[in-house]
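Engineer:
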Amino acid sequence: MLFDYHFRRYNFRVILYMLALSVIGLMAIWSATNQNQDMLNKQIMGIGLGLLIALVLSVIDYHFILSFHFLIYAVCIGFLVAVLLFGKSRGIAVRWLELPVIGQIQPAEFVKIGLILFYAWYFQRYQEKINHFLVVAAAAVFFAVPAYLIYEQPNLSTVIVLTVTVAAIVFSSGISYKWILGVLAVAIPAMALLFYLLLNGLIPFMRGYQANRILAWWDPELYSDTYYQQESSIMAIGSGQLWGKGWNNTGILSVKAGNFLVEEQNDFIFAIIGEEFGFVGSLVVIGLYLLLIYECLIMAMRASDPAGRMICVGVAALLAFQSFANIAVATAIFPNTGLPLPFISSGVSSLLSFFIGMGVVLNVGLQREFNDE
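All residue numbers for the sequence shown refer to our numbering, where the first residue is 151 and numbers rise by one.
1. Report the start-end ranges of each beta strand (DSSP E) in the stretch 223–276 that is 3 residues or longer and not cut off at the edges.
2. Shortest alpha-carbon distance to I526 belongs to which of A366, I319, L166, R452?
3. Does the stretch 207–217 come close enough to the stretch 508–519 that 3 or more CB-CB pairs lie under 8 Å?
4. Quick check on the DSSP output: what are the complete beta strand (DSSP E) runs of length 3 or more inside the stretch 311–336, in order along the chain?
5. Are the stretch 456–466 and the stretch 267–277 touching, with three or more C-beta to C-beta distances below 8 Å?
6. With burial defined as no fewer than 16 other Cβ atoms inside 10 Å of the residue's Cβ, what is the status of F229: buried or exposed?
7. With a 10 Å radius around its C-beta and 16 neighbouring C-beta atoms as the bar for buried, classify W246 as buried or exposed.
8. With a 10 Å radius around its C-beta and 16 neighbouring C-beta atoms as the bar for buried, classify G431 as buried or exposed.
9. Specify the secondary structure class of S454 as computed by DSSP and reduced to three states.
10. Below 6 Å CB to CB, which residues in the same chain sit around E259 once its five sequence neighbours on both sides are set aside?
11. DSSP on L372, reduced to helix/strand/coil?
12. Apart from the five residues on each side of it in sequence, which residues of its chain come closer than 7 Å, Cβ to Cβ, to G237?
13. Could you check the C-alpha separation between T487 and A475 for me, to the nearest Å?
14. Whose C-alpha, out of F493, A361, D188, is nearest the C-alpha of S172?
15. Taking the alpha helix (DSSP H) that A482 belongs to, which residues open and close that run?
16. So, for A98: in the same chain, excluding its five sequence neighbours on each side, which residues have a beta-carbon less than 8 Å away from its beta-carbon?
17. Pull up the CB-CB distance for T313 and A467, whole angstroms please, since I reckon it's below 8 Å.
18. Across the stretch 336–346 and the stretch 278–296, are there enough close Cβ pairs to call them in contact, namely three or more that are closer than 8 Å?
19. Quick check: the Cα distance between A473 and V231, rounded to an integer number of angstroms?
20. If we ignore side chains and look at the alpha-carbon of each, how far apart do Q185 and N191 end up?
21. My understanding is that V412 touches Q379, with C-beta atoms under 8 Å, so please give their C-beta distance in whole angstroms.
22. Does DSSP put N513 in a helix, in a strand, or in coil?
23. On a CA-only basis, which of L433, V233, F429, P370 is nearest W393? Give me that one, please.
If you want it as structure tokens, here you go:
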């Protein structure tokens, strides 16, 4: 298949956007970690490996990859079970596996891409029966298993990201709007009820710190001890004003230098960007994400089959929601969730997972239909 590709269709813009975000990430990590060379080197290695994987996957027929659908799903489940049995903890969370040679990985990050590939195959395979109850029910069960295992880590934020991503795939699969409207008719009142119960401390399955983060977002004054991270992030972003205070700024007025930020190399890295590169730099980052999402959606429109379309939509939804959620947390639009900013936050697992996803999207683009040629 390699020699049948029309490489003039290769979307080099996607590579450019990913590298631009990765370079911004290196600059932000260098500043956020007080010039920690080891962490920077690890991120550089992750970018190099991720880019290589993306380039290799971009020339491997995605239909060949999808032929391993159940193996992909089984590996995802196997890794998640291994995390619960043998995982490494950081605080109260058990989300990491220690592998020989490779070191620590966070399997949930790779499960995001694995489920996109699995559901792209699944909904194409059952395209003619997509509205049958058993097909929809089986799809729900296939989602419930990894979602439960990830929730038990505990990692509620990743479960939410997976839910949004799979929902986008389902929406693009061609399923009847009756199913979509029916789910919304149940989900919206259920979410309102859950929020009401949460405010009254009546949700037993939600852990204390998870509930406190939501309550702190709802009433910052009452839960100021929990809200201070987001409050410091807003202060850092606002202090950057239009052009920022300059890269790696350590002045007396720097929020970062005053150690007010927590997890600034990861969850709150957008606060570093806002403080040091200002409103203009923040817009550049958001603009790069929008361009990358746009390219995914354009390739989805031109995909040669439903599976290709759903892969592109799934990756676009994952990239869009996770980047929005991270920035929304940093600006207190969302409760504190602990999600990395794609291609920018420190962490090789998240970095590699997005490069893998974009690599498959690039192959869909290589096989896209061109009506304007």
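Backbone N, C-alpha and C fix where the C-beta goes; we use that ideal spot for every residue, glycine too.
Structural biologist: So, from the listed chains and residues:
1. 238–240, 243–249, 253–255
2. In this structure the chain extends from 151 to 523, so residue 526 is not present and cannot be described.
3. yes
4. none
5. yes
6. buried
7. buried
8. buried
9. coil
10. S499, S500, S503
11. coil
12. V244, R245, W246, L247
13. 8 Å
14. F493
15. Element bounds for A482: n/a, residue is neither H nor E.
16. As displayed, the chain neither begins before 151 nor continues past 523, which places residue 98 out of reach and without an answer.
17. Not confirmed; about 11 Å, so no contact.
18. no
19. Here the sequence assigns Ser to residue 473, which means Ala is not the residue at that position. Straight-line Cα distance between these residues: approximately 27 Å.
20. 11 Å
21. 5 Å
22. helix
23. F429
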